[in-house]
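Enquirer: Right, I'll just put the structure down here and ask away after.
Number of protein chains: 2
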Amino acid sequence: MSPKITVELLRQLRQAMKNSKYITEPIQAYIIPSGDAHQSEYIAPCDCRREFICGFNGSAGTAIVTEQHAALWTDGRYFLQASQQMDNNWTLMKMGLKETPSQEDWLISVLPENSKVGVDPWIIAADQWKNMSKALSSAGHSLVAVQDNLIDAIWEDRPARPSTKLIALGLKYTGLTWQDKITALRGKMAERKISWFVVTALDEIAWLFNLRGSDIEYNPVFFTYAIISIRNIRLFVDSKRLLDPVVREHLELDSPSKPELTIQCFPYESVYTELQAVCAALAHKDKMWICDKASCALTQVIPKAHRSAIPYTPLCLAKAVKNPTEIQGMKMAHIKDAVALCELFAWLEKEIPKGTVTEISAADKAEELRSQQKDFVGLSFPTISSVGPNGAIIHYRPLPETNRTLSLNEVYLIDSGAQYLDGTTDVTRTVHFGTPSDYEKECFTYVLKGHIAVSAAVFPNGTKGHLLDSFARAALWDSGLDYLHGTGHGVGCFLNVHEGPCGISYKTFADEPLEAGMIVSDEPGYYEDGSFGIRIENVVLVIPAKTKYNYRNRGSLTFEPLTLVPIQLKMINTDLLTQKERDWVNDYHKKCRETVGAELERQGRKEALDWLIRETQPIV
Amino acid sequence: MSPKITVELLRQLRQAMKNSKYITEPIQAYIIPSGDAHQSEYIAPCDCRREFICGFNGSAGTAIVTEQHAALWTDGRYFLQASQQMDNNWTLMKMGLKETPSQEDWLISVLPENSKVGVDPWIIAADQWKNMSKALSSAGHSLVAVQDNLIDAIWEDRPARPSTKLIALGLKYTGLTWQDKITALRGKMAERKISWFVVTALDEIAWLFNLRGSDIEYNPVFFTYAIISIRNIRLFVDSKRLLDPVVREHLELDSPSKPELTIQCFPYESVYTELQAVCAALAHKDKMWICDKASCALTQVIPKAHRSAIPYTPLCLAKAVKNPTEIQGMKMAHIKDAVALCELFAWLEKEIPKGTVTEISAADKAEELRSQQKDFVGLSFPTISSVGPNGAIIHYRPLPETNRTLSLNEVYLIDSGAQYLDGTTDVTRTVHFGTPSDYEKECFTYVLKGHIAVSAAVFPNGTKGHLLDSFARAALWDSGLDYLHGTGHGVGCFLNVHEGPCGISYKTFADEPLEAGMIVSDEPGYYEDGSFGIRIENVVLVIPAKTKYNYRNRGSLTFEPLTLVPIQLKMINTDLLTQKERDWVNDYHKKCRETVGAELERQGRKEALDWLIRETQPIV
């Protein structure tokens, strides 16, 4: 991977920072966050501004350019990747390390007095704006909104915003009509005396209206906004997309059943002016919800007296707790996904000795096998297919120039997932096709102990996910090891593979308590730079747990694995496992054999079935 | 315990809430926090306003009185106690339960439109003021500062503010002179470009100046404020206290060594006007530190442009990391404390069968035995001496009307500690003098497993204490049990038994990362209302841990128990322990026997030594 040459781009950006065509007064620094106007994690090519300016294309990171410096902040998943993708005009700021300054502290340390720091108000979240603005003001600087995006100004062949075909999902997949969802939402609004709600997150709107799109690779969403009141529904979306008769019927655009369920459609771009109009007509006591992670631009349209900024929306929470139809769909999707992965591993075992399988061809094969499964739509994120040292690049994506050949001598890590009409998958397995070293096995076993500690944890109703994070690390910590990423994220149902508001992380973000029906990943890891990477990831469903006692009638929860792909026994040092952990592995493998085995048999995939049976033999 | 009758007091308070003598406009609600003007946890009798109005005398709780309602918020430690101490004019709001509204939400639900809610700005912290004010404003109400405290207005025989003799501590106890501490503090201020620092926490000032007092029972502090600049030191303290020649010499009041180490003394009450004068003379770029937990009254004196509100002060952090002299002192204090407790338990074993020992007499005996130890000053908190069902009242304090007799049939829990000139102790042991039931043993063993899981935890440098909290609960959770309090708090060195900024709790308050030299408690528990309470508490020192590997050279930490009192083997179901846990118990008991045994021998306390040797036999 060779770094992007950014000398000329930085020169142009620094000129734009002083150009009165874009700004009234010169700015001394310009912040380039990684999101889009919806604060999406995955973004469309037209929104990859941070990648355009610095070359680093990981999913998380913020670039800041001053007259003298250019720096990029990213987290432990991306330290290696970012250092390889950026040229030496850029300083890598490793978040999470003690010596790394925050963006605010760094700006304050490098800026001349009374500086102006610019940012596009559409791509900075309101809460980030607030924090940054406060920190800068306290040091005599100011944060200013630059309406014209300065990256767009210097980006010559910037792609157009996509507008793909919409898919309307029926009850069979969603379990609830969009009308039911609107009614439930309005119930929550009434409970809190809220009369308006500005929805900006793409997955929340897709979920609410039971619609999907493909504007953003891997995430089945579409560019849209919604403004919901107790009586009205305003949907902002490219009007061409609403010509499709299936979509028109789904949304009842031509014959609404009830006045309060009539959707008024507006062009995507008109949200700003329409929100201004709505706000101008607000009654004295009207309160409007907007997520504090929504764009600063839209948030500031709402007068403070009417604005009720919330850390996550009721849609975010409703979407996180899957209904029985969604749970059933997720289970089916994971069985189909396991079929494809069993086939992949059986195929890899046969092909690797020939020396012809590479990280890229293995990833392609995984996609090909998944695409044969019913209701396959696409991948849920770029496959991480990594051999040996590449495995230590946590969000590695194989490229022709980094592509390694799978062999009998190195650890192979594959983190992959797919979108099916009935659900979304995300699974990581780490395997060795020859003989792993004792050290590799030792590290793998610590990671497995952490994975089991979370998966088998029993905890009271109302527990937040961050309280479980240390369970995943205890075995690694005991030996002085750790990993620099969270342990789990929420997973959507035929939606984004990363979703809030729950998760399992040492970062105590505003995570909501876990409740039955939520779905998260459980993915501890260990990464040895330059050598190998290990991660064991299952998607797990929060379910009620039966316990001997029931303190204060609170009830308990635990997890049920949805992912049903064998964990390679060859990588385990069974001496390091407790009896309880051995039982967990055996029970898990029994379930894989029974459930996935039946489906492999049904699909007549004999070789994969043989592989599954062999790989799920009990540990004695 | 009979509840306090509050009908007449509430009538008087509600009158005061409308009385123009105290307030310009009537208020519809009045908040009575539990702290003093220094936001102390333990307070002097003159500051026990919340107890005066409602009767509940626990260490944490906030009362709110409206025209119609009176409600008290407190946490799980105090549910039973509060319900017993308050009459039925009061509603108990059980914090931490899902159905309990926050103070803000409750106020909004009961207040008429456009209400005014009053509070004394000296006894509400600035950050609490901010949150409360914001929540009330968003619902159309307002929070107003009532300068005259309305409780004081109706409190006829309110005690005077104490002004006890000051003790000057020498280097032998402190390890650092106050001059060195001031210089180190100024270094931190310069680093952050801070020119002034308003210190309001009593223990921070006591630590900084190596002075102690006894204005507040159990906490060796004195009423004071300090304002420190790069060049000046202003100390606010009752001038009578500075007549003592030992104190004058200690503070170099008559012959300061250097101009910048000259202390200017002011009366305690003049802090407000003096701070106003300092603020009036601030230069354009001057920044002033104040803790965001300082009083709203003092915080608002500092103009916003000059104010740098911090979640904890550098003194709080410096005080938390004990120096070698303090660590040595804490170790000595804990050995002496263990001597007293070994004697207590040996005595209890002999006396209980006679049926003459009560909760109160056992607590008195513990105090008597502690007072025989060198450099004993007093208790560090009211002894919790509780038998059977009283043990389930987490912060129980035996009173004549609740006093139970210790017997061979019930669990006995004693949580106690002392102040010695060289250190502060805090230890809980739960014992049975007859034969515990299987259920009591089972619960005790889960609590012990949690205690060991924290005490033996190995974790990376930079880990925050809240990440360890779940380790203490995992064994209880597995069986559907839990406890409704945090797992540990910072412990001062001959200072407050509860101190920040570190701790171990499921609440993710702004806790600072643990570092070597910090001292915290490790005290999981289990409480069965109406039956028994179990808690096992050691004070533990954070120390570097040796690990097999050292990921990214971060280094690891673990804990060393300072408390050295045997854990009753009779209460343990050893079948529920792992081999590692058995080894921990045996190693711990070996250390108790060797270290405390030597001191018992030196002091010639034969019976206690015999008891210690018997109670520390290894589990096989």
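First to last, the sequence lines map onto chains A and B. Residue numbers for the first sequence follow the UniProt record's numbering, beginning at 1 and rising by one. Residue numbers for the second sequence follow the UniProt record's numbering, beginning at 1 and rising by one. Every residue gets a Cβ at the ideal spot worked out from N, C-alpha and C, and that includes glycine. Small disclaimer: the values here were computed from a predicted structure and weren't measured.
Please give me, in chain order, every unbroken run of the alpha helix (DSSP H) with length at least 4 that falls completely inside the stretch 176-232 of chain A.
Expert: 178-191, 202-208
Enquirer: Report the start-end ranges of each beta strand (DSSP E) in the stretch 330-411 of chain A that is 3 residues or longer and not cut off at the edges.
Expert: 376-379, 384-387
Enquirer: Give me the chain A residues within the contact set of B/Leu-467, using Cβ-Cβ distance strictly less than 8 Å, ordered along the chain.
Expert: For the purposes of this step, residue 467 of chain B is taken as residue 467 along the second sequence, with counting starting at 1. Ordered by position in chain A, the residues that pass the 8 Å Cβ test against B/Leu-467 are Asp-469, Ser-470, Tyr-506.
Enquirer: Indicate whether the contact test is met: 3 or more Cβ pairs, each with one atom in the stretch 8-20 of chain B and one in the stretch 142-161 of chain B, closer than 8 Å.
Expert: yes
Enquirer: Does the beta carbon of A/Lys-98 sit closer than 8 Å to a beta carbon anywhere in chain B?
Expert: As a position in the first sequence, residue 98 of chain A is number 98, starting the count at 1. Closer than 8 Å: yes.
Enquirer: Taking DSSP as the reference, what is the three-state secondary structure of B/Cys-493?
Expert: Position 493 of the second sequence, counting from 1, holds the residue named residue 493 of chain B. Three-state result, B/Cys-493: coil.
Enquirer: From A/Ile-399 to A/Ser-385, what does the alpha carbon distance come to, in whole angstroms?
Expert: In the first sequence, residue 399 of chain A corresponds to position 399, counting from 1. In the first sequence, residue 385 of chain A corresponds to position 385, counting from 1. The identity of residue 399 of chain A in the sequence shown is Leu, whereas the question assumes Ile. Cα to Cα, the separation comes out at about 10 Å.
Enquirer: Which residues of the stretch 470-484 of chain B have a Cβ closer than 9 Å to any Cβ of chain A? Give them in chain order.
Expert: From the stretch 470-484 of chain B, only Ser-470, Phe-471, Arg-473, Ala-474, Leu-476, Trp-477, Asp-478, Ser-479, Gly-480, Leu-481, Asp-482, Tyr-483, Leu-484 have a Cβ closer than 9 Å to chain A.
Enquirer: Alpha carbon to alpha carbon, how far is A/Thr-383 from A/Ile-360?
Expert: Translated into positions along the first sequence, residue 383 of chain A becomes position 383. Translated into positions along the first sequence, residue 360 of chain A becomes position 360. Between A/Thr-383 and A/Ile-360, the C-alpha separation is close to 9 Å.
Enquirer: Going straight from the alpha carbon of A/Val-491 to that of A/Val-539, what length do you get?
Expert: Residue mapping note: residue 491 of chain A aligns to position 491 of the first sequence, counting from 1. Residue mapping note: residue 539 of chain A aligns to position 539 of the first sequence, counting from 1. Rounded to whole angstroms, A/Val-491 to A/Val-539 spans 8 Å at the Cα level.
Enquirer: Between the Cα of B/Ala-438 and those of B/Lys-606, B/Lys-130, B/Met-571, spot the shortest distance and give me the residue it belongs to.
Expert: For the purposes of this step, residue 438 of chain B is identified with residue 438 of the second sequence, where counting begins at 1. Looking at the sequence itself, residue 438 of chain B is Asp, so the reference to Ala does not match. For B/Asp-438, the closest C-alpha among the options B/Lys-606, B/Lys-130, B/Met-571 is that of B/Met-571.
Enquirer: Alpha carbon to alpha carbon, how far is A/Pro-513 from A/Lys-464?
Expert: In the first sequence, the residue the question calls residue 513 of chain A occupies position 513. In the first sequence, the residue the question calls residue 464 of chain A occupies position 464. In a straight line, the C-alpha of A/Pro-513 is about 4 Å away from that of A/Lys-464.
Enquirer: I'd like the ranges of any alpha helix (DSSP H) spanning at least 4 consecutive residues and lying wholly in the stretch 403-478 of chain A.
Expert: 438-455, 469-478
Enquirer: Could you tell me which residues DSSP pairs with A/Tyr-527 in its beta bridges?
Expert: In the first sequence, counting from the first residue as 1, residue 527 of chain A sits at position 527. A/Tyr-527 pairs with A/Gly-533.
Enquirer: Just how far apart, CA to CA, sit A/Asp-575 and A/Thr-616?
Expert: Position 575 of the first sequence, counting from 1, holds the residue named residue 575 of chain A. Position 616 of the first sequence, counting from 1, holds the residue named residue 616 of chain A. Taking C-alpha positions only, A/Asp-575 is separated from A/Thr-616 by approximately 18 Å.
Enquirer: On the DSSP bridge assignment, give the partners of B/Asn-538 in chain order.
Expert: Walking along the second sequence from the start, residue 538 of chain B turns up at place 538. B/Asn-538 pairs with B/Asp-522.
Enquirer: Do A/Cys-592 and A/Pro-566 have their CB atoms nearer than 8 Å?
Expert: Numbered from its first residue, the first sequence carries residue 592 of chain A at position 592. Numbered from its first residue, the first sequence carries residue 566 of chain A at position 566. Against a cut-off of 8 Å, the Cβ pair of A/Pro-566 and A/Cys-592 comes out as a contact.
Enquirer: Here's a check: name, in chain order, each residue in its chain whose Cβ is nearer than 7 Å to the Cβ of A/Leu-564, leaving out the five neighbours to either side.
Expert: In the first sequence, the residue the question calls residue 564 of chain A occupies position 564. Excluding residues within five positions, the ones whose Cβ falls inside 7 Å are His-334, Ile-335, Ala-338, Lys-591, Cys-592, Thr-595, Val-596.
Enquirer: Considering only the alpha carbon of each residue, which of B/Thr-273, B/Met-86, B/Cys-342 lies closest to B/Gly-604?
Expert: Stepping through the second sequence from its first residue, residue 604 of chain B is reached at position 604. Nearest of B/Thr-273, B/Met-86, B/Cys-342 to B/Gly-604, Cα basis: B/Cys-342.
Enquirer: Quick check: what's the CA-CA separation for B/Ser-2 versus B/Arg-50?
Expert: Residue numbering aside, residue 2 of chain B sits at position 2 when the second sequence is read from its first letter. Residue numbering aside, residue 50 of chain B sits at position 50 when the second sequence is read from its first letter. The alpha-carbon atoms of B/Ser-2 and B/Arg-50 are separated by roughly 17 Å.
Enquirer: Does chain B have any CB closer than 8 Å to the CB of A/Phe-532?
Expert: Looking up residue 532 of chain A in the first sequence gives position 532. So no, A/Phe-532 is outside the interface.
Enquirer: So A/Cys-296 is in the beta strand (DSSP E); what residue range does that whole segment cover?
Expert: Residue 296 of chain A sits at position 296 when you count from the first residue of the first sequence. Element bounds for A/Cys-296: not the beta strand (DSSP E) but the alpha helix (DSSP H), 296-299.
Enquirer: For a contact defined as C-beta to C-beta under 8 Å, what are the partners of B/Gly-462 on chain A?
Expert: Here residue 462 of chain B refers to the residue found at position 462 when the second sequence is read from its first residue. Those within 8 Å of B/Gly-462 in chain A are Lys-98.
Enquirer: Within the 8 Å Cβ cut-off, does A/Thr-595 reach chain B?
Expert: Position 595 of the first sequence, counted from the start, is the residue given in the question as residue 595 of chain A. No, A/Thr-595 does not count as interfacial toward chain B.
Enquirer: Compare the C-beta of A/Val-458 with all C-beta atoms of chain E and state if any pair is closer than 8 Å.
Expert: Protein chains in the displayed structure are A and B, and chain E is not among them.
Enquirer: Would you identify the three-state DSSP class for B/Tyr-30, choosing helix, strand or coil?
Expert: One-based indexing of the second sequence puts residue 30 of chain B at position 30. DSSP places B/Tyr-30 in strand when its eight states are reduced to three.
Enquirer: Please identify, using Cβ separations under 8 Å, the residues of the stretch 554-586 of chain A that lie next to chain B, in order along the chain.
Expert: Arg-554, Ser-556, Thr-578
Enquirer: Return the residue from the list B/Val-377, B/Gly-533, B/Gln-39, B/Lys-94 that minimises the CA-CA distance to B/Trp-73.
Expert: As a working mapping, residue 73 of chain B is identified with position 73 in the second sequence. Ranking B/Val-377, B/Gly-533, B/Gln-39, B/Lys-94 by Cα distance to B/Trp-73 puts B/Lys-94 first.
Enquirer: Please tell me whether B/Asn-550 has its Cβ less than 8 Å away from any Cβ of chain A.
Expert: Residue 550 of chain B sits at position 550 when you count from the first residue of the second sequence. Yes - at least one Cβ of chain A is within 8 Å of the one on B/Asn-550.
Enquirer: Which value, in whole angstroms, describes the spacing of the CA atoms of A/Pro-245 and A/Ser-308?
Expert: Taking the first residue of the first sequence as position 1, residue 245 of chain A is located at position 245. Taking the first residue of the first sequence as position 1, residue 308 of chain A is located at position 308. Cα-Cα distance, rounded: 37 Å.
Enquirer: Can you tell me the Cα-Cα spacing of B/Lys-4 and B/Val-110, whole angstroms?
Expert: Residue numbering aside, residue 4 of chain B sits at position 4 when the second sequence is read from its first letter. Residue numbering aside, residue 110 of chain B sits at position 110 when the second sequence is read from its first letter. Using only the alpha carbons, I get a separation of about 24 Å.
Enquirer: Anything in the stretch 301-323 of chain A with a Cβ closer than 8 Å to a Cβ of chain B? List those residues in chain order, please.
Expert: Ser-308
Enquirer: With DSSP as the reference, label A/Gln-39 as helix, strand or coil.
Expert: Reading the first sequence from its first residue, position 39 is the one you call residue 39 of chain A. In the structure shown, A/Gln-39 sits in coil (DSSP, three-state: anything other than H, G, I, E or B).
Enquirer: Classify B/Gln-568 as helix, strand or coil using the three-state DSSP reduction.
Expert: Residue 568 of chain B sits at position 568 when you count from the first residue of the second sequence. Reduced to three states, the DSSP call for B/Gln-568 is coil.
Enquirer: Quick one: what's B/Thr-62 bridged to in DSSP?
Expert: Walking along the second sequence from the start, residue 62 of chain B turns up at place 62. B/Trp-73, per the DSSP bridge assignment.
Enquirer: Nearest chain B C-beta to A/Ser-109 closer than 8 Å, yes or no?
Expert: Against the first sequence, residue 109 of chain A aligns to sequence position 109. False, the Cβ-Cβ gap to chain B never drops below 8 Å.
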